[in-house]
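Each remark here refers to the structure printed beneath this line.
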Amino acid sequence: MKDDNSLLSLHITCPWGIEALLAEEVVGLGGEIQKTTVAGLHALADRATAYRICLWSRLANRVILTLGRETNCEAPASIVEAVRSLPWARVLKPEQTLAVDFHGQSPAIRHTRFGAQVVKDGVVDALRAAGWERPDIAPRDADVRLFAHLHKGQLLVGVDLVGASLHQRGYRRDSGHAPLKENLAAALLMRADWPARARRGEPLVDPMCGAGTLLIEAAMMAADMAPQLNRERFAFETLADFDTEAWHVLQREAQARANVGRRRARSSLFGLDQSPQAISAARSNAMRAGIPALITLAGGSVKALECPGEIRAEEGRTGLVMTNPPYGERLGELPELVALYSDLGERMRRQFPGWQLALFTGNPDLGHRLGLRAHKQYAFKNGPLDCKLLLIDIAAQGAPVEEREPARSAPRESVLSEGAQMFANRLQKNRKRLNKWLKQSGESCYRLYDADMPEYALAIDVYGHQVHVQEYAAPKSIDPGKAQRRLMDALSAIPVALDVRPEQIHYKQRERQSGKAQYRKQGDSGDRFVVTEGTAKLWVNLKDYLDTGLFLDHRPVRRLLAEQAGGKRFLNLFCYTGTATVQAALGGASDSVSVDLSNTYLEWAKDNFLLNKLDPGRHRVVRDDCLRWLETAGGEFDLIFMDPPTFSNSKRMEGTLDIQRDHVRLIELAMARLAPTGELIFSNNQQRFSLDASLASRYRVEEITAQTYDPDFTRRANLHHCFRIRHAG
1 MKDDNSLLSL HITCPWGIEA LLAEEVVGLG GEIQKTTVAG LHALADRATA YRICLWSRLA
61 NRVILTLGRE TNCEAPASIV EAVRSLPWAR VLKPEQTLAV DFHGQSPAIR HTRFGAQVVK
121 DGVVDALRAA GWERPDIAPR DADVRLFAHL HKGQLLVGVD LVGASLHQRG YRRDSGHAPL
181 KENLAAALLM RADWPARARR GEPLVDPMCG AGTLLIEAAM MAADMAPQLN RERFAFETLA
241 DFDTEAWHVL QREAQARANV GRRRARSSLF GLDQSPQAIS AARSNAMRAG IPALITLAGG
301 SVKALECPGE IRAEEGRTGL VMTNPPYGER LGELPELVAL YSDLGERMRR QFPGWQLALF
361 TGNPDLGHRL GLRAHKQYAF KNGPLDCKLL LIDIAAQGAP VEEREPARSA PRESVLSEGA
421 QMFANRLQKN RKRLNKWLKQ SGESCYRLYD ADMPEYALAI DVYGHQVHVQ EYAAPKSIDP
481 GKAQRRLMDA LSAIPVALDV RPEQIHYKQR ERQSGKAQYR KQGDSGDRFV VTEGTAKLWV
541 NLKDYLDTGL FLDHRPVRRL LAEQAGGKRF LNLFCYTGTA TVQAALGGAS DSVSVDLSNT
601 YLEWAKDNFL LNKLDPGRHR VVRDDCLRWL ETAGGEFDLI FMDPPTFSNS KRMEGTLDIQ
661 RDHVRLIELA MARLAPTGEL IFSNNQQRFS LDASLASRYR VEEITAQTYD PDFTRRANLH
721 HCFRIRHAG
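Structural data, given as structure tokens:
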């Protein structure tokens, strides 16, 4: 049954972008390349070489023993016939359980599960024709996994020689945050020429090592260890034509090479991470991989990164710094990441002259924050993300470390780009303009910048020692690449201009919201803190929602309500987080009702009431559609505040709310609840809002918009509109 001299046809898969590297590796292991495809290749190899590829490939995902390639296989019947004709009885054993992994589709086969069923039918027919019992199907833990790929009528069918994907080396049980797959890490190391560097004994430093995947793969290369040396079982060991003797020879050879390689490895590998959990995971993973002695791990931040002392002591010795920093999958991470990449570039220039930096990132714009120029770039995919490996020669970037000032004395301003410095200057100018008002008013929450320069379309609000940054959606006429670079410039300038740490900056993208989106969470940090406004204390959350819980532009309106509320019954419609009610209550309102449709905001309002020691018996919250509540509620109020959204189509409402269309009805219903000598303060944020002229003929209407802007909001006179409305006579 065995023919060691015959060549097997193999289909070897890999991550996208490393096909050429895989081809070189397979040739080096003794295979013969027939064709390279997307995310894989076809090769010929004898049986021992096929086993060697499974054991030694650092790049492959799966190795498929191809049994047949057929054309004109679009209909289920033609697929069954093609599969039935293959020599299954020569490969499989009786009573083995099977599973089929099917990939692709045709006009007649639209689902992979149906495709797998069709292939299984062909295999069963072939085995029963050979006189075997019908095999059992075990999708999860089958003895043998069959592989089928259908594309444009071409069907490839084979047997998986591997089992679990080859990227699973077995050492990584503690994976850390967003880890690289092991074979992608190996590909990055090969692109950075690490195997040759390891033979020369060069050191490697990973300043953000996470669970240690890059370091462990590098150590295994340096120690000449087969990546699958510790694998318990390969799928090919269960096949009928398994060559036990050839496999044992390969195992003994690999073990001997690893024993020698671990002793002779000359490279020093250093991993740092500011997370103790990551360092612990990396240490455990290195232990399971069998190379703990080759890697030195320690806690530390990029901002304090230094060249390891034992390497620095050897004059002229250089090496490779390689790392996979976070890319900013979550928008709120960007401010910290801009600073992180900037710090990494600065530390590289000062601590590693003559070295090479290999940086893997899914955000090239963050890569630009390094302030270093890449001489080579390679495209990869990390899962669905398009990523790049940047290779940067630090030797060409500036003077040696001893000719430069100490790192800690260098002002951050010195690393700002021209655009970032211009933006920092504008923020400092705006703060200087507001300083007198801020000192007089005592306000700690204010708007500092509101798209003053059109190319920097941001709103920047200060909340005590925290900064809230909202990016307005750029017009389609703006090049997205330029807009992204300007955003990065702005985020790098804010810590310098405002003297805050990057983690105190909270970034969001501002888009038009309606319905459920008004209440949709952006995160789940629960990270809120207390700010003050006059005598009021208020909870704000800068991370989890599009808004913060406090509309800063309405500060003068809340101040007006506090001044008018003494001894009055107060109604707050569309109350949001109840900040206007807090100010009215502290201003002396005898009692209040606050109405909103959102449970989230009403709970927030209750917390604000509790924070200010307001009596819940006198200050009630009601969950309801404000229109419906006004139509059915009884009682009168001396002071009503109504600040509806511009538009809402929440499922909890009856119909939709359009403030331009519906404001007359809203005001009429509110006036029906207003005492004869009472006052309605009506406000909204629709920029082009126009109050219906008929209202002035029935009520005393006074527009007070101009009086409801403090100095921090004078740039945008149409940000909100505000009216005082009383009964006629």
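Numbering of the sequence shown is given in full-length UniProt numbering, commencing with residue 1 and proceeding in unit increments. Backbone N, C-alpha and C fix where the C-beta goes; we use that ideal spot for every residue, glycine too.
Bridge partner(s) assigned by DSSP for residue i
| i | result |
| --- | --- |
| Leu337 | DSSP lists no partner for Leu337. |
| Phe637 | Leu674 |
| Tyr449 | Ile460 |
| Phe682 | Met642, Phe723 |
| Trp539 | Val530 |
| Leu65 | Leu10, Val159 |
| Ala43 | Leu10, Ile33 |
| Gly104 | Leu150 |
| Ser592 | Phe570, His619 |
| Glu70 | Leu155 |
Residue range of the unbroken beta strand (DSSP E) whose run includes residue i
| i | result |
| --- | --- |
| Gly271 | 269-273 |
| Arg726 | 721-727 |
| Leu297 | 295-299 |
| Val157 | 154-160 |
| Leu573 | 569-573 |
| Glu95 | Where Glu95 is concerned, there is no enclosing beta strand (DSSP E), given that its DSSP letter is neither H nor E. |
| Arg510 | 505-510 |
| Asn612 | First-last for Asn612: undefined, no H or E at that position. |
Neighbourhood of residue i by C-beta distance below 7 Å, restricted to the same chain and skipping five residues each side
| i | result |
| --- | --- |
| Ser106 | Glu74, Leu150, Gly153 |
| Thr714 | none |
| Leu391 | Ala192, Gln356, Ala358, Ala374, His375, Lys376 |
| Gln274 | Gly299, Gly300, Ser301 |
| Arg52 | Leu29, Gly30, Leu250 |
Short Cβ contact (7 Å threshold) for residue i with residue j
| i | j | result |
| --- | --- | --- |
| Ala89 | Ala130 | yes |
| residue 740 | Met322 | This structure cannot settle anything about residue 740, because the visible part of the chain is limited to 1 through 729. |
| Ala493 | Ala424 | yes |
| Val124 | Val63 | no |
| Ala728 | Tyr709 | no |
| Thr577 | Tyr545 | no |
| Asn612 | Lys543 | no |
| residue 734 | Tyr378 | An answer regarding residue 734 cannot be provided, because it is not within the stretch 1 to 729 covered by the chain. |
| Tyr472 | Ala457 | yes |
| Thr49 | Gly68 | no |
| His167 | Asn61 | yes |
| Ile18 | Gly40 | no |
| Asn684 | Pro644 | yes |
| Ala298 | Pro292 | no |
| Val80 | Asp136 | no |
| Arg558 | Ala580 | yes |
| Thr97 | Ala142 | yes |
Boundaries (first-last residue) of the alpha helix (DSSP H) holding residue i
| i | result |
| --- | --- |
| Thr112 | 112-129 |
| Thr49 | 47-56 |
| His248 | 244-264 |
| Leu22 | 19-28 |
| Thr361 | First-last for Thr361: 356-361, but that is the beta strand (DSSP E), not the alpha helix (DSSP H). |
| Ser441 | 418-441 |
Residues near residue i in its chain [Cβ-Cβ closer than 6 Å; skip 5 each side]
| i | result |
| --- | --- |
| Ala459 | Asp450, Gln470 |
| Ala410 | Only weak support is given to the placement of Ala410: the predicted model assigns it a pLDDT of 38, under 50, and the value that follows is read from those uncertain coordinates. Here the set comprises nothing. |
| Pro502 | Pro335, Glu336, Ala339, Pro495 |
| Leu239 | Val91 |
| residue 730 | What the structure shows of the chain is the stretch from 1 to 729, and residue 730 is not part of that stretch, so it cannot be assessed. |
| Asp692 | Val664 |
Beta-carbon contacts of residue i that lie in its chain and below 8 Å, excluding the five residues immediately before and after
| i | result |
| --- | --- |
| Glu405 | Since pLDDT at Glu405 reaches only 42, below the 50 mark, its modelled position is unreliable, and no value is offered. |
| Thr548 | Asp461, Tyr463, His468, Val540, Asn541, Leu542 |
| Arg716 | Asp450 |
| Ala218 | Leu189, Trp194, Ala198, Leu204, Ser267, Leu269, Met322 |
| Gln686 | Thr646, Ile659, Gln660, His721 |
| Ala20 | Thr36 |
| Ala474 | Ala457, Pro480, Ala483 |
| His248 | none |
| Ala399 | Caution is warranted here: a pLDDT of 43 is assigned to Ala399, below 50, making its placement in the model unreliable, and no coordinate value can be reported. |
Residue i Cβ short of 6 Å to the ligand MG heavy atom set
| i | result |
| --- | --- |
| Leu21 | By its list of ligands, the structure shown contains no ligand whatsoever, and the ligand MG lies outside what it can speak to. |
- Task: Would you be able to state if there are at least three C-beta pairs under 8 Å between the region 252-272 and the region 215-235?
- Result: Short answer: they touch.
- Evaluate the contact criterion for the region 22-31 versus the region 209-217: three or more CB pairs, one atom per stretch, below 8 Å. No, because fewer than three Cβ pairs between the region 22-31 and the region 209-217 fall closer than 8 Å, the two stretches do not touch.
- Query: Are there three or more Cβ pairs, one per stretch, closer than 8 Å when the region 623-639 is compared with the region 676-691?
  - Reply: Yes, the region 623-639 is in contact with the region 676-691.
- Examine the Cβ distances between the region 162-171 and the region 115-122 and report whether three or more of them are shorter than 8 Å. No, the region 162-171 is not in contact with the region 115-122.
- Message: Assess contact between the region 615-625 and the region 589-597, defined as three or more Cβ pairs (one per stretch) separated by less than 8 Å. Is contact present?
- Response: Three or more Cβ pairs drawn from the region 615-625 and the region 589-597 lie within less than 8 Å of each other, which places the two stretches in contact.
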